[in-house]
């Protein structure tokens, strides 16, 4: 197995998405295989207590590895070997054929999360059908949320719950990079540019969160929840629905589906802005499930989708060298 050839491609694979841009995945090179696992220090135990977002991001990383390797002419396949205790999801090994995929290295490299303004209401029906078909191949589906007014109420409720939890806010502060002077500004986390924050807005948020223990009882969570309305920036909201009774290894596999959905959006000229808080909070998750007539435990990912009005900034990566 040509480890050197894959190591040269690894920075491209690192463009996979992850919650708070923690980049939890890790590779271990051994004779005949490359093991894929994660670093617990780069997870979100407060915001993602079930590990759903972690496993989705690990699956997205696996899919990125397979796409990048295939486009570079490397023949690799993925073998799932989920092991919670040893923080491992599986391994990449030599295969007789290239991984079959319609996507290219350029798609993986250019895909970005976009929290900016979208010009159109959302994807057209044929694009929605394409996205749904991608998920249906794995037993899931993609659903558009039909009631934007109701969704706005749910989103504000979810944001208030998130900002009202001191442990979640402390974790968020750990991954925020609201000034270029932050030592990890170019490495990981959520920086001011990717959050679409002006310099005054970033300064204000940093000050508000620094005073959180004092301001929380005075209504800071409600103010923070009301300070931003992503739905007002256009687009439609789509939900990735998984099969019933999806286990943890199955969530990793659906992370691969999620990346294929995002890349299909990208090749259609669309961008995505995750709104995971809607399913991180139990009460809004249940309400969203009722709105879609889907069991709440089948809701895996929520994202605002539309045609961006300008290119989004590229998020930081620890291995962002090509």
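Numbering (the working numbering), first residue to last: 759 to 1080.
The beta-carbon is built from N, C-alpha and C at its ideal position, and this holds for glycine as well.
Quick caveat: nothing in here was measured; it's all calculated off a predicted structure.
Please confirm if the segment 874 to 887 is in contact with the segment 829 to 837, defined as three or more CB-CB distances below 8 Å between the two stretches.
-> no
If we ignore side chains and look at the alpha-carbon of each, how far apart do residue 946 and residue 800 end up?
-> Between residue 946 and residue 800, the C-alpha separation is close to 10 Å.
Residue 823 and residue 802 look like a contact to me (Cβ under 8 Å); what is the Cβ gap, rounded to whole Å?
-> Wrong, their Cβ atoms sit about 22 Å apart, outside the cutoff.
Is the segment 778 to 787 touching the segment 1036 to 1043, taking contact as three or more C-beta pairs under 8 Å?
-> no
Answer yes or no: do residue 927 and residue 857 have a C-beta to C-beta separation smaller than 8 Å?
-> Taking the C-beta atoms as reference points, residue 857 is found no nearer than 8 Å to residue 927.
In angstroms with no decimal places, state the Cα-to-Cα distance between residue 912 and residue 821.
-> 32 Å
By how many angstroms is the C-alpha of residue 786 removed from the C-alpha of residue 986?
-> Residue 986 and residue 786: Cα-Cα distance of roughly 41 Å.
CA-to-CA distance, residue 952 to residue 794, given in whole angstroms | 27 Å
Output the boundary residues of the alpha helix (DSSP H) element that contains residue 971.
-> 970 to 973
For my contact list, residue 814 and residue 1016 are in at a C-beta cut-off of 8 Å; report their separation, rounded to the angstrom.
-> 6 Å
Please list, in chain order, all residues of the same chain as residue 922 whose beta carbon is under 6 Å from its beta carbon, the five residues on each side excluded.
-> Closer than 6 Å at Cβ, skipping near neighbours: 979.
Return the chain-ordered list of same chain residues with a C-beta closer than 6 Å to the C-beta of residue 897, the five sequence neighbours on each side being excluded.
-> 1001
Would you kindly report the start and end of the unbroken alpha helix (DSSP H) that includes residue 890?
-> 883 to 894
Which first and last residues belong to the alpha helix (DSSP H) in which residue 796 is found?
-> No alpha helix (DSSP H) holds residue 796; the beta strand (DSSP E) holding it covers 791 to 796.
From residue 1011 to residue 810, what distance separates their C-alpha atoms?
-> When the Cα atoms are used, residue 1011 and residue 810 turn out to be separated by approximately 12 Å.
Would you report the Cα separation of residue 843 and residue 784, rounded to the nearest angstrom?
-> When rounded, the distance between both Cα atoms is 15 Å.
Report the three-state DSSP secondary structure of residue 772 (helix, strand or coil).
-> coil
Following the continuous alpha helix (DSSP H) through residue 919, name the residue where it begins and the one where it ends.
-> 906 to 921
So, using beta-carbon positions, are residue 818 and residue 768 closer together than 8 Å?
-> no
Excluding the 5 residues preceding and the 5 following residue 772 in the sequence, name in chain order all residues of the same chain whose CB lies nearer than 6 Å to its CB.
-> 1075 and 1077
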